[in-house]
Structure formats: C-alpha cells, structure tokens
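What follows is a short report on a single structure.
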Amino acid sequence: MISSFHRPTKAIIDLNAISENIKVVQKHIPQGKKSFAVVKANAYGHGAVKVAKHVHSLVDGFCVSNIDEALELREADIEEAILILGVVMPDEVPLAVKCNISIAVASLEWLELALSEGISLKGLKAHVKVDSGMGRIGVRSLDDAEKLIAGLKKVGAEVEGIFTHFATADEVDQTKFNEQLQFFTNLVNNLSDKPPLVHASNSATSIWHSETIFNAVRLGIVIYGLNPSGTELALPYPLKPSLRLESVLVHVKEIAPGSSVGYGATYVAKEKQFIGTIPIGYADGWTRDLQGFSVLIDGQFCEIVGRVSMDQITVRLPKNYPLGTQVVLIGHEGDHEISATDVAQKRKTINYEVLCLLSDRIPRYYEW
Ligand SMILES: Cc1ncc(COP(=O)(O)O)c(C=O)c1O
C-alpha cells in the first residue's frame, strides 16, 4: 500500500527513545551479555532500516523473521550480525550464505531435505532452535540437538548458536517458564559440542528473569518502550514508548437529535452535538473494534462514535473545533495519554499487534 504523505495522519517515531530503552535494559542485565535488537515486522511497525541504523552501535546484531527482512537490512548497509528466527527453506541457503545472514535450523528433517536437494551448506551460519515447550519450531530432545549440530558441521556449516523461546515469560504464573528453562538448561549442559552463543531471553525474560540469561538476549517489544505483559506485570523500570500516532480533524459539523453517524447508522445522536471526522480507518490498522474507544483532542478524551470505516472515523466533540485541530490517537496530550497497550486492551489483543497492524498507508516520520 502506498504511504499517504499528503494526508495529515502520521506516526512519529522517537529513535532516541529506542536507543535509550536499549541502554536502560542493558544496564539492568548482567554485564558481558550480547544483545540482539529484534526488528522483524518492520521493527514492529517502526521502520526496520531506520531503527537498525540508529541503534547498530549499541547491539551485537539484529533478529528478523525471514530472509526478505534480512536482505532489506543488508541492502541498507547494515553490517552487524543478522539472525533469521523463523524457518528458511533450504533453497534460500545460498542467498543467506552470500549475504552473511545467520539462520535458525529447527529440525533434522530440514537438514535431510537440504542434503537430498543437493544444497551446499558450506559456510552457512546456523543457530539450532530448541523447542523447549513453545510448540512451534525446534528440536525437542538432546539427541536431536546433538545430531543436528554434528550433521550441520559435517557438511561445512558453522553452528554459531543454540536457542529457545519462552511461551509464558510475561505471565505471573512461572510454572511453564521454569519447566522450559530447566529443559533448555539441561539440554545445553549435556551437549557434547556446545555452540558459542546460547540464547533464550526475549524482552519479558530479560526484564523479569535477568538472572536466567545465558550469553545473549533478543530484545523486541521493550526497545519500543512497551510492557511485554500488557498490564499483567509492572515494568521493573520505566521505558519510553517510541511511537506516537497523530492526525487532525478534517471535518466538523453540528448534528441534530435523531441524526445518525456512519455505516449501519449504529450511532444516533440523543441531543445536539458536534461530530468530528478523522482520516484514519481500518485500512490503516485502526480496526472496527475501536468503536467506543477514544482519541485525545485539546487534552480531552473524545469517543469514537459510529462504525470505523476503511478510511475515516468519527468522534463526538465537546464543542466546535476548527478544521486542522490536532488529534492524538497514540501518545500524550495535555495530562492524558493513550498508549498502544490501552488500544490493545480495548481490542482484546496485545500491544505488539496494535503496532504491527499500523499499515504502510500511515507515513512514519523520525525524530532523534
Ligand atoms: C524467537 C523470538 N525471539 C525474540 C522475540 C522478541 O520478543 P519480544 O518482542 O517479546 O521481546 C520474538 C518475537 O516474537 C521471537 O519470536
């Protein structure tokens, strides 16, 4: 989708907030651990290249989800290590090797497929993925991990690392987290040939279980200043949200009692009132379930009334406002704030999804 630069709806990304968040987290984890910034999904909607360029000197490398995201960084001259966290099919290995991109290798079947297809794994940088309980990808036993490491090395791959991912590190109940940790720790301790990098910590693990970090962390949502648990656990130290979403009133009118607003005529004014229209809608990731949520105008919460359309929303205003009046959809205004976590709660989802769904139609502007 083309970015709509001539429309007043925009996301403002505070790159310094991202670098400060990285420094704050690094200050609170044991010294000497390597850090990877997770910039997959266009850096959670912030812009992967801009974020990577701004923070590259603070981290040891970047994590992305697939080879196209890795290539985007290489094409932008990012030289640090890049690890692809998802499965890359074997036919893409030559590209990964050529561009010095490390990949997760998650099964013996993958190795067998690569060999049966005659694909050379010489020079491939691999991190063996262990499924310690997440249930998505990874080997599930010490035996398979040993075989995979040996098999990769035998055909000339470099096994740089071994890693796992926690399913519940952001929850109050630590039972499952502890089970996964124990499984992975036992597996790593019993490896006859341990790869140099051992990593398991995402944001939640890094901030709430920093004593369990092996020798590297993969920092995602925290670098964007948000709480990985939403509201379940308090952040142990403050972080600064790095994305602000703004627009303006493009239309304001007074409507009479009995007038309806929006598709389905679901909102009918009970009394005379002012309605403002804002150019953002579900095609921007401002989804239909935000009907009834609020935006900030002139330091006040104004309710989204009527259905969210593809390109527009309508809000009830306390008074008449001039066209061009600023609207804050995510961020501070006056004494109030709407956070991505607030939006997520209204939508019964997580702040990650709110950020990632902000579509390319919304241009990103950068401050630092
Ligand atoms: C394997 C892996 N590591 C790290 C992360 C970063 O997670 P977070 O944003 O919670 O730090 C993710 C994100 O989904 C992931 O899939």
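For the sequence shown, counting from 1, position 202 maps to 202 in the working numbering; every step adds exactly one. Here a beta-carbon is modelled for each residue, glycine too, at the ideal position from N, C-alpha and C. Computed from a predicted structure; not experimentally measured.
Asked: Buried or exposed (CB count within 10 angstroms, at least 16 for buried), A256; Found: exposed
Asked: C63 beta carbon near ligand 1 (any heavy atom closer than 7 Å); Found: yes
Asked: Three or more C-beta pairs below 8 Å linking the stretch 283 to 295 and the stretch 209 to 222; Found: no
Asked: Through-space distance from L73 to W368, alpha-carbon basis; Found: 20 Å
Asked: For D342, the three-state DSSP class (helix, strand or coil); Found: helix
Asked: Ordered list of beta strand (DSSP E) runs contained in the stretch 230 to 283, each at least 3 residues; Found: 243 to 248, 251 to 255, 273 to 278
Asked: For L425, the nearest candidate out of A269, L357, S203, E179 (CA to CA); Found: The displayed coordinates of the chain run from 1 to 368. Any statement about residue 425 would go beyond what the structure contains.
Asked: Any 3 or more C-beta pairs closer than 8 Å across the stretch 131 to 148 and the stretch 94 to 102; Found: no
Asked: Minimum C-alpha distance to P241 - residue among I330, L181, I313; Found: I330
Asked: Coil, strand or helix - R307 by DSSP; Found: coil
Asked: Any heavy atom of ligand 1 nearer than 5 Å to the CB - residues listed; Found: V38, L85, H165, N202, S203, R218, G220, I221, P228
Asked: Beta-bridge pairing of Y321 - partner residues as DSSP gives them; Found: Bridge partners of Y321: none, in fact.
Asked: Under the three-state DSSP convention, the category K10 falls into; Found: strand
Asked: Nearest candidate by alpha-carbon position, reference I29, set G285, L357, H209; Found: H209
Asked: Range covered by the alpha helix (DSSP H) that runs through E75; Found: 67 to 75
Asked: Neighbourhood of H165 by C-beta, 6 Å cutoff - its chain only, sequence neighbours within 5 removed; Found: M134
Asked: Collapsed DSSP secondary structure at E112 in the structure displayed; Found: helix
Asked: Residue nearest to I280 in terms of C-alpha spacing, selected from V308, N66, L83, K27; Found: V308
Asked: Own chain residues within Cβ distance below 7 Å of K147, not counting five before or after; Found: L108
Asked: Separation of I149 from Y282, as counted between CA atoms; Found: 46 Å
Asked: C-alpha gap between H372 and L357, whole angstroms; Found: The question about residue 372 has no answer here: the residues shown for the chain are numbered 1 through 368.
Asked: Candidates T287, P318, N66, G138, of which the one nearest D298 by Cα; Found: P318
Asked: Cβ-Cβ distance between A70 and G230 below 8 Å; Found: no
Asked: N- and C-terminal bounds of the beta strand (DSSP E) containing F36; Found: 34 to 38
Asked: Separation of F301 from A145, as counted between CA atoms; Found: 54 Å
Asked: Nearest to S371 (by Cα), restricted to the options N186, A169, S116; Found: No answer is possible for residue 371: it lies beyond the span of the chain, which begins at 1 and ends at 368.
Asked: With 16 other Cβ atoms within 10 Å as the buried cut-off, status of L323; Found: exposed
Asked: Beta-carbon proximity of V155 to L197, cut-off 8 Å; Found: no
Asked: Beta carbon of G276 nearer than 8 Å to that of T314; Found: yes
Asked: Terminal residues of the alpha helix (DSSP H) in which Q182 lies; Found: 175 to 189
Asked: Proximity below 8 Å, CB of D91 to CB of E117; Found: yes
Asked: Among I221, D143, L191, G306, nearest to N42 - alpha-carbon criterion; Found: I221
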